[in-house]
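These notes concern the structure reproduced below.
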Amino acid sequence: MTNHRLVTSGIWLLGLVVGLVVLAVVSFGIGRYLLDPLTVLRTLLGETGGVERTVVFEVRAPRILGALLVGAALSASGAAYQSVFRNPLVSPDILGVSAAAGFGASLALLLGLASAVLQVLAFGGGILAAVLSVLIGRVVGRGSTIVFVLGGVVVGAMFQALISVTQYLADPQNTLPEITFWLLGGLGRTTLDGLVVPAVIVAGCLGVLWTMRWPLTVLAVGDDEAHTLGVHRGLVWSLVIGSATLMTATVVSVAGIIGWVGLVVPHLARLVTGPAFAKLLPVAALLGAGYLLVVDDIARAATAVDLPLGILTALVGAPFFVVLLAKAGRAWR
Amino acid sequence: MAVTVDGLEFEYRNGGHRLAGVSLHVAEAEVCALLGPNGAGKTTLLRCVLGLLAPRRGSITIAGQDITTLSTRELARLVAYVPQSTGITFPFSTLDVAVMGRTPHFGMIGTPSRTDLNAAESMLDLLGVGRLAERPFASLSGGERQLVLLARALLQQAPVLVLDEPTAALDYGNEIHLLGVIAELASAGRTVLMSTHQPDHALAHATRTVLMRDGRITADGPSHEVITGERLTELYGTPLHVTDVSLPEGQRIRTCVPVPTAPRSAP
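From first to last, the protein sequence lines stand for chains A and B.
Per this note's numbering, residue 2 is the first one in the first sequence, and the count goes up by one each step.
Per this note's numbering, residue 1465 is the first one in the second sequence, and the count goes up by one each step.
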């Protein structure tokens, strides 16, 4: 944490922000109706009208902002989970959050409920899963990290089975495809209005994680040593796991289950920043936002059909993760 | 500041390493060594003092304050800890590790300031490891790591220093060097409580020695009075002899040596 390294990290951050803005402008132009970056900029500044305006503000803005939000939230919570559990294989759905949120959404679709209710149920499911995992960890494992994580796996498997129940019961003509597509993950249904509340929640959670950046870094030396250095593990754990989970449940309720982002991107970020959470958090969030934006651009533009985002993140993320493990794995040994 | 342990009882869930009524008073600026065989309860006692274990009965008072009434942060400003070795596996730099010692002073939502970093750099310099500040902590040798951990503990500026066999992972030369540094720096006005396996460490550096066995204190007093061949033989269950050695320079040093036992004859 010397001057030199702070400067390096500052340049990286600035580069990432600039890169992200350029990427967003380019993304506004990508799609079936191509726009060049200059037209995009003029449209954003309100200098054009008609078709350009509709395409930029009504069709593409919700998806682009959605991709930025979901990517940033998933990567940031992945970085937080990995730091707090000191485990590189942990990802935002470790506590069964994604599966449970998916179940909440499937249930809403099965019962034909409004999309606002879907978001609430998805969100509630995610929180319920986190609470169940924590309870299992507390009661059965008496605070052991391994039991805590295994509890999450069990809770996830349970909700996965419940998802199957909704799929089995769903009408194969219309409800079943709807559920299936939602579970595959995607930003097709995003609206600007629908992003407001999730954005506020994610921003609040990122704020909490940011204030915990130093204690979280100290916890990496081990719980007992951290305690003797004045860091209260229980407090840091509750705040970090609470906000990472809240953030995950929020974005799952927006975009369905999008795997691998929260696992791969924090690793990539750690290659750049090292383990200090103060540097890892912003870099992971920005990288995640950019990554999901690019993948969503591919999903929108690569083929005539809108490919489900969850499929692409897995197809891209899984092989990429192997490469990262080969490079970054040393840091965890 | 004085540390008072009164009637401490502790038992692990699995029944191992218990404490059965330990009382101890370490006066301000005293260097107190805990000596005893494995499983005597030395580490358990130290972990209670550090607030890492909650005793079933009894109390621990530091500077007149019961430690159960203190927050984690308040306790960390009173007691600093040097572990046997550390579990740090992340690629932290040496300076990163040292500056963590400033944590109790800026609290939960702060981060180290320039002043904290400067303090950490000077402390590393003082302990002779300043040139390693930028090196990854994990790449240091065992002796260098312990010096960095000592720097981290000293940066807490706590009046009480707890060391749990701080030299257990070190080679002979580093062991002597580290103990010398502790005696010189750490004890300057600080109250030091350390566990050790070496009676010689206690004889050389501790003003006070406490012998422990099976979770109880069996002897407690000035090191040169407490450490006798008879007591150590009983404590460790093997014949030991304590004697004075005259160095060629005329210095006299008290030391403990094992008494060779007759080899068992083959059947």
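For each residue, glycine too, the CB sits at the ideal point set by N, CA and C.
Suppose you measure from the CA of residue i to the CA of residue j; what does that come to, to the nearest Å?
| i | j | result |
| --- | --- | --- |
| B/M1564 | A/D172 | 58 Å |
| B/Y1476 | A/H228 | 19 Å |
| B/N1582 | A/L281 | 23 Å |
| A/L236 | A/Q174 | 49 Å |
| B/T1671 | B/V1645 | 16 Å |
| A/V265 | A/G318 | 6 Å |
| B/L1614 | A/L220 | 18 Å |
| B/E1585 | A/T40 | 54 Å |
| A/E30 | A/V23 | The question names Glu, but residue 30 of chain A in the sequence shown is Gly. Their backbone Cα atoms lie some 11 Å apart in a straight line. |
| B/V1690 | B/P1703 | 17 Å |
| B/E1629 | B/Q1548 | 5 Å |
| B/L1472 | B/D1684 | 16 Å |
| A/R334 | B/V1706 | With a pLDDT of 49 at A/R334, under the threshold of 50, the modelled position of this residue cannot be trusted; read the value that follows with caution. Spanning the two alpha carbons is a distance of roughly 45 Å. |
| A/G223 | A/V203 | 28 Å |
| B/T1673 | B/T1558 | 33 Å |
| A/L170 | A/I137 | 29 Å |
| A/P276 | B/F1556 | 7 Å |
| A/V57 | B/V1546 | 60 Å |
| B/Y1636 | B/Q1610 | 14 Å |
| B/T1525 | B/I1531 | 6 Å |
| A/G231 | A/S239 | 16 Å |
| A/F86 | B/P1712 | 57 Å |
| B/N1502 | B/T1660 | 10 Å |
Might you give, ordered along the chain, the residues of its own chain that have their beta carbon closer than 8 Å to the beta carbon of residue i, omitting 5 neighbours on each side?
| i | result |
| --- | --- |
| B/L1657 | V1467, V1490, C1496, L1498, L1510, V1513, V1624, L1625, V1626 and L1627 |
| A/W18 | Residue 18 of chain A is actually Val in this sequence, not Trp. Same-chain partners within the cutoff: L287. |
| A/V8 | Since pLDDT at A/V8 reaches only 48, below the 50 mark, its modelled position is unreliable, and no value is offered. |
| B/A1493 | S1651, G1653, R1654 and T1655 |
| A/S99 | P93, G127, G157, T249, V253, I258 and G260 |
Can you tell me where the alpha helix (DSSP H) holding residue i begins and where it ends?
| i | result |
| --- | --- |
| B/H1661 | First-last for B/H1661: undefined, no H or E at that position. |
| A/D225 | D224 to T229 |
| A/N88 | That residue, A/N88, is in no alpha helix (DSSP H); it is neither H nor E in DSSP. |
| B/S1586 | R1578 to L1590 |
| A/L39 | P38 to L45 |
| A/P1 | Residue 1 of chain A lies beyond the residue range present for chain A, which begins at 2 and ends at 334; the question has no answer from this structure. |
| A/R214 | R214 to L220 |
| B/G1644 | Y1636 to V1645 |
| B/V1690 | S1687 to V1690 |
| A/E53 | G51 to R54 |
| A/F58 | First-last for A/F58: undefined, no H or E at that position. |
Give the secondary structure of residue i by DSSP, where H, G and I count as helix, E and B as strand, and everything else as coil.
| i | result |
| --- | --- |
| A/L114 | coil |
| B/T1682 | strand |
| B/V1723 | coil |
| B/M1676 | strand |
| B/P1707 | Correcting the residue type first, residue 1707 of chain B is Thr in the shown sequence and not Pro. It is a strand residue. |
| A/L119 | helix |
| B/T1702 | coil |
| A/V241 | helix |
| B/A1504 | coil |
| B/I1717 | strand |
| A/D172 | coil |
| B/E1756 | Past the boundaries of the shown model lies residue 1756 of chain B; chain B is included only from 1465 to 1731, so the question cannot be answered. |
| B/E1629 | coil |
| A/D298 | helix |
| A/D194 | helix |
| A/V232 | coil |
| B/T1536 | helix |
| A/G127 | helix |
| B/S1549 | coil |
| B/L1517 | coil |
What does residue i pair with, by DSSP beta-bridge criteria?
| i | result |
| --- | --- |
| B/T1655 | B/V1624 |
| B/H1489 | B/T1468 |
| B/A1668 | Partner(s): none; B/A1668 has no beta bridge. |
| B/S1557 | B/P1600 |
| B/L1483 | B/F1474 |
| B/D1530 | B/T1525 |
Name the two residues that bound the continuous beta strand (DSSP E) containing residue i.
| i | result |
| --- | --- |
| B/V1546 | V1543 to V1546 |
| B/R1521 | R1521 to I1526 |
| B/L1499 | V1495 to L1499 |
In its own chain, which residues sit with a C-beta less than 7 Å from the C-beta of residue i, not counting the 5 before and 5 after it?
| i | result |
| --- | --- |
| A/T274 | S10, K280, L281 and V284 |
| A/E179 | L110 |
| A/I65 | A25, S28, F29 and L294 |
| B/R1725 | It is Thr, not Arg, that sits at residue 1725 of chain B in the sequence shown. Answer for B/T1725: P1703, listed in chain order. |
| A/E53 | L36, T40 and T44 |
| B/G1692 | This sequence places Thr at residue 1692 of chain B; Gly is not what is there. Correct list, in chain order: V1706. |
| B/G1571 | R1537 |
Sorted by chain position, which residues of the same chain lie with C-beta nearer than 6 Å to residue i's C-beta, five sequence neighbours on each side aside?
| i | result |
| --- | --- |
| B/D1470 | S1487, G1522 and S1523 |
| B/R1716 | D1708 and S1710 |
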